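These notes concern the structure reproduced below.
Number of protein chains: 2
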Amino acid sequence: MSLDPLSSTFAALADPTRRAILARLALGETSVMELAKPFDMSLPAISKHLKVLEHAGLISRGREAQWRPCRIAPASFKEVDGWLGNFRRFWDESFNRLDGVLEEMKAEEAAKAPPRSNRKVRVTKEKQRGRTRG
Amino acid sequence: MSLDPLSSTFAALADPTRRAILARLALGETSVMELAKPFDMSLPAISKHLKVLEHAGLISRGREAQWRPCRIAPASFKEVDGWLGNFRRFWDESFNRLDGVLEEMKAEEAAKAPPRSNRKVRVTKEKQRGRTRG
DNA sequence: CATGTACTTAGCTCATCGGTTAAATAACCT
DNA sequence: AGGTTATTTAACCGATGAGCTAAGTACATG
Chain A
253 MSLDPLSSTF
263 AALADPTRRA
273 ILARLALGET
283 SVMELAKPFD
293 MSLPAISKHL
303 KVLEHAGLIS
313 RGREAQWRPC
323 RIAPASFKEV
333 DGWLGNFRRF
343 WDESFNRLDG
353 VLEEMKAEEA
363 AKAPPRSNRK
373 VRVTKEKQRG
383 RTRG
Chain B
253 MSLDPLSSTF
263 AALADPTRRA
273 ILARLALGET
283 SVMELAKPFD
293 MSLPAISKHL
303 KVLEHAGLIS
313 RGREAQWRPC
323 RIAPASFKEV
333 DGWLGNFRRF
343 WDESFNRLDG
353 VLEEMKAEEA
363 AKAPPRSNRK
373 VRVTKEKQRG
383 RTRG
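Line by line, the protein sequences give chains A and B. Be aware that the first sequence starts at 253, since it is given in our numbering, and climbs by one per residue. Be aware that the second sequence starts at 253, since it is given in our numbering, and climbs by one per residue.
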């Protein structure tokens, strides 16, 4: 058992029940009972799902008397987003433009590169989402 | 077999070998042999991984003579990103500010809402990434 | 302390997954 | 045609995953 973090996170997200639980938690912290309600499924099943989500770092759990309230934990979401960022240029128009900075570079490149060029593009691991722009 | 699209996409991403294959494909279209090289694994195993990725909509495959070149397919990545967008406010500082628009609303809310308020927050399904601002 | 409520753990079943080897298919190259 | 190269399919195996029921733990309260 125990895969690398990204693998266990993606694995956790690969289940519709677990994604539904996360969607519910996006509305706010709540108890296991509450989370279980919408599902036609035994409580132990939900408990397992929560364990998986917790292990994946997608939720964290507190203790209040006999309740174990669950809430979204940001870290793993952020990691997934970071990984996804490596591929963002494949679908995100505005990202491809990099807020206009790449415009010039492209123009320069185009000036000296032949058409239909198949040259490789660097993938700049992480950080794509960090442009706060004030 | 055959889960909902998001589930099979996340499931496909939950394997490090498959993610490595995608990382390689981010550098450009290539053959199965080429993709297989870095891995200490039989060719059929790679073939299966590619099938999974294709089924998940993360890659598409062409035909050139005896080669079946693979390339990144954007759609499923985009879907994952869209889903992730529902949770972006949990970790993305700049998103939380919504380019400054929410600033005022928050101020107004704060004026009439009691402290430690636990009120629910709407999650605005999809589209978060669409602000081109070009 | 006994009972109830909120959960978790244990132990089981069945399906799916990731890997294997061996054989099949497909297209090219004499 | 016959061989080589690229890739897939088939058949199998051990491990993991999602569900169940039954039993256990933790806390609260009558």
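Don't be surprised by glycine CBs; every beta carbon is placed ideally from N, CA and C. Keep in mind it's a predicted model, so treat the numbers as computed, not measured.
Residue(s) in a DSSP beta bridge with residue i
i: residue 312 of chain B; result: B/323
i: residue 282 of chain B; result: B/322
Proximity winner among the options, relative to residue i (alpha-carbon distances)
i: residue 293 of chain A; options: A/310, A/273, A/311; result: A/273
i: residue 283 of chain A; options: A/322, A/310, A/343; result: A/322
i: residue 258 of chain B; options: B/345, B/333, B/340, B/339; result: B/333
i: residue 387 of chain B; options: B/290, B/311, B/303; result: Absent from the structure is residue 387 of chain B, since the part of chain B shown begins at 253 and ends at 386.
i: residue 254 of chain B; options: A/281, A/267, A/313, A/260; result: A/267
i: residue 306 of chain B; options: B/335, B/276, B/324, B/345; result: B/324
i: residue 318 of chain B; options: B/341, B/285, B/338; result: B/285
i: residue 339 of chain B; options: A/303, A/339, A/275; result: A/275
i: residue 341 of chain B; options: A/260, A/280, A/297; result: A/280
i: residue 260 of chain B; options: B/303, B/296, B/316; result: B/303
i: residue 256 of chain B; options: B/336, B/337, B/331, B/345; result: B/331
Residues that residue i contacts on chain B, provided the C-beta gap is smaller than 7 Å
i: residue 324 of chain A; result: 339, 342
i: residue 268 of chain A; result: 256, 259
i: residue 330 of chain A; result: 343
i: residue 265 of chain A; result: 262
7 Å Cβ cutoff met for residue i and residue j
i: residue 301 of chain A; j: residue 270 of chain A; result: yes
i: residue 329 of chain A; j: residue 343 of chain B; result: yes
i: residue 262 of chain A; j: residue 287 of chain B; result: no
i: residue 314 of chain B; j: residue 327 of chain B; result: no
Chain A residues whose Cβ lies nearer than 8 Å to that of residue i
i: residue 257 of chain B; result: What residue 257 of chain B touches in chain A: nothing, since even the nearest Cβ is about 11 Å away.
i: residue 336 of chain B; result: 329, 332, 333, 336
Start and end residues, alpha helix (DSSP H) containing residue i
i: residue 300 of chain B; result: 295-307
i: residue 264 of chain B; result: 257-265
i: residue 268 of chain A; result: 268-277
Partners in chain A for residue i, counting only beta-carbon separations shorter than 9 Å
i: residue 292 of chain B; result: Under the 9 Å cutoff, chain A gives no residues; its nearest Cβ is about 17 Å from residue 292 of chain B.
i: residue 305 of chain B; result: Correct list: empty, because the minimum Cβ distance to chain A is about 13 Å.
Contacts of residue i in chain B (Cβ-Cβ under 8 Å)
i: residue 317 of chain A; result: Within chain B, no residue comes near residue 317 of chain A; the closest Cβ sits about 17 Å away, beyond 8 Å.
Contacts of residue i in chain B (Cβ-Cβ under 9 Å)
i: residue 308 of chain A; result: Those do not exist, as residue 308 of chain A stays about 10 Å from chain B at its closest Cβ, beyond 9 Å.
i: residue 272 of chain A; result: Those within 9 Å of residue 272 of chain A in chain B number zero; the least Cβ separation is about 11 Å.
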